[in-house]
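Q: Numbering (our numbering), first residue to last: 5 to 454.
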């Protein structure tokens, strides 16, 4: 404690406030704002927050059906800071931030905190002799801060005040039009300890993607994904616009996804996906079984990969959003893509998740499915050579949000990796959110049916 305090005092001598934050089950950042003189207590004792924060829906409503509200007296737990997550929120270092994590009474990470759940999954993989290396990619749109009749609008180009008229995938001039914003996002992320790497314009108008460098610490990679989203929004607002990670903000444009690149290594530094037949990835047993696990458990995981009503609008053919259990080599129409690479970089790119997921839960389930596939030697479907949209293999997959929630809540696989209690908390929260959403009378209904 003393060493961390000394380091922070030297790094942030002008500190005035501390934002202590965490990602809830929706991936939304929540927490407390503390004065600088609370830092010693924060590091030594943590702060108190109720466990029910992990049973809140996307609107911030605490869901009683989770059992975390009235049934427990809305009990507090200790949240401790993640030591390597402290970073400045402004150039002067007057405001700083850190991630926090809910702890159990014995001082271990709590099983209802998605960050703790991911840590448990990683430990179980390590016990199998498997060490994951992951690299997240996040897509988002820059949008106008004001709504038009309740609907989002594309961000105006700073120099012209007009929105981008066409899609400009990998467009350098399109990037230049918002370069002040995106470059500022990149710089801010680096300051926050996020290893932000390549940034590109994506397929949608005003849509961008930022990649995070691969990390041997999958927990830290999920931290960085959560921080990237938080700081992207902060920086965009500082520039007078906004950013959204909604799965499908615009009906006629491509949705935004969270893609996770995963390779699996042993304790000697060997890539297990390129172990036996390095020149032929398709015949690698570990890779085959990992894909088999991903395909077999995809249906049960969809409630996390597409966590809300809007995310389900993203899942449509022809928009670079996977719709089935397909896999293949260097093929962006499939769900589980094996990118072109050398032997040491052999990996699987998981493309199913919407960009507004919880990065800890999503990473946990991807890794768990791969581990289960390897342990049980699950055979994958036939590899897709051409366009996966032409003949999608959707056998057994949910077709609605309601069906996905039901499959998640009843899954033995989900309960075995996330725990029965958290499985109930998440499914109860999302089902409450779904039912509330479905009760809403929309403007379109009045236009069509009055």
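In this text, a Cβ means the ideal position worked out from N, Cα and C, and glycines have one as well.
Determine the closest residue to residue 163 out of 178, 154, 150 and 384, with distance taken between C-alpha atoms.
A: Measuring from the Cα of residue 163, the nearest candidate turns out to be 178.
Q: I'd like to know if the region 254 to 266 and the region 354 to 369 are in contact, where contact means that at least 3 CB-CB pairs between them fall below 8 Å.
A: Counting Cβ pairs under 8 Å, three or more are found: they touch.
Q: With 16 as the cutoff for other CB atoms within 10 Å, does residue 426 come out buried or exposed?
A: Residue 426 comes out buried.
Q: In its own chain, which residues sit with a C-beta less than 7 Å from the C-beta of residue 69, not counting the 5 before and 5 after it?
A: Within the same chain, residue 69 has close Cβ partners 432 and 436.
Q: Output needed for residue 57: all residues of its chain with C-beta closer than 7 Å, excluding positions within five of it in sequence on either side, in chain order.
A: Closer than 7 Å at Cβ, skipping near neighbours: 28 and 34.
Q: Would you check whether the ligand HEM has a heavy atom nearer than 8 Å to the C-beta of residue 289?
A: Judged by which ligands are present, the structure shown has none, so any question about the ligand HEM falls away.
Q: Would you list the residues sitting across from residue 91 in a DSSP beta bridge?
A: Answer is 101.
Q: Quick one: residues in its chain with C-beta nearer than 6 Å to the C-beta of residue 392, no 5 flanking neighbours on either side, listed in chain order?
A: If we look at residue 392 and ignore the five residues flanking it on each side, its Cβ neighbours are 330, 337 and 338.
Q: Is the separation between the beta-carbon of residue 441 and that of residue 305 shorter than 9 Å?
A: Contact: no.
Q: In chain order, what residues of the same chain lie with their CB nearer than 8 Å to the CB of residue 396, ignoring the 5 residues before and after it?
A: These residues qualify, in order along the chain: 321, 327, 328 and 330.
Q: Is residue 45 buried or exposed, if buried means 16 or more other CB atoms sit within 10 Å of its CB?
A: It is exposed - the Cβ of residue 45 has fewer than 16 other Cβ atoms within 10 Å.
Q: Please report the residue range of the beta strand (DSSP E) in which residue 211 lies.
A: 211 to 216 is the span of the beta strand (DSSP E), which, as asked, contains residue 211.
Q: Please tell me whether residue 233 and residue 64 are closer than 9 Å, where the distance is taken between their beta carbons.
A: No, they are not a contact pair.
Q: Per DSSP, which one or two residues make a beta bridge with residue 428?
A: The partner list for residue 428 (beta bridge, DSSP) is empty, contrary to what the question assumes.
Q: Helix or strand or just coil, what does DSSP make of residue 380?
A: The answer is coil: DSSP assigns residue 380 none of H, G, I, E or B.
Q: Taking the continuous beta strand (DSSP E) assigned at residue 246, which residues delimit it?
A: Where residue 246 is concerned, the enclosing beta strand (DSSP E) stretches over 246 to 248.
Q: For residue 314, does the count of other Cβ atoms within 10 angstroms reach 16, so buried, or fall short, so exposed?
A: By the neighbour-count rule (16 or more Cβ atoms within 10 Å), residue 314 is buried.
Q: Could you tell me if residue 272 is buried or exposed, where buried requires 16 or more neighbouring beta carbons within 10 angstroms of its beta carbon?
A: Looking at its Cβ environment, which holds fewer than 16 other Cβ atoms inside 10 Å, residue 272 is exposed.
Q: Which first and last residues belong to the beta strand (DSSP E) in which residue 190 is found?
A: Looking at the DSSP string, residue 190 is not in any beta strand (DSSP E); the run it does join, the alpha helix (DSSP H), is 183 to 195.
Q: Which residues does DSSP pair with residue 141 in a beta bridge?
A: DSSP, once it has assigned bridges, lists 215 and 263 as partnering residue 141.
Q: Taking DSSP as the reference, what is the three-state secondary structure of residue 353?
A: Strand.
Q: Looking at C-alpha atoms only, which residue of 95, 125 and 67 is the closest neighbour of residue 418?
A: When only C-alpha atoms are compared, the closest one is 125.
Q: Quick one: what does DSSP say residue 174 is sitting in, helix, strand or coil?
A: Note: residue 174 maps to coil in three-state DSSP.
Q: Measuring alpha carbon to alpha carbon, tell me which residue in 299, 277, 300 and 298 is nearest residue 289.
A: Taking only the C-alpha atoms, the option nearest residue 289 is 277.
Q: Out of 203, 84, 43 and 74, state which residue places its alpha-carbon closest to the alpha-carbon of residue 53.
A: Minimum Cα distance to residue 53 is reached at 84.
Q: Can you tell me which of the three DSSP states residue 275 falls into?
A: The answer is strand: DSSP assigns residue 275 an E or B state.
Q: What residue range is occupied by the uninterrupted alpha helix (DSSP H) comprising residue 201?
A: Here residue 201 belongs to no alpha helix (DSSP H); instead the beta strand (DSSP E) covers 200 to 205.
Q: Residue 393 by DSSP, collapsed to three states: which one?
A: Correct three-state label for residue 393: coil.
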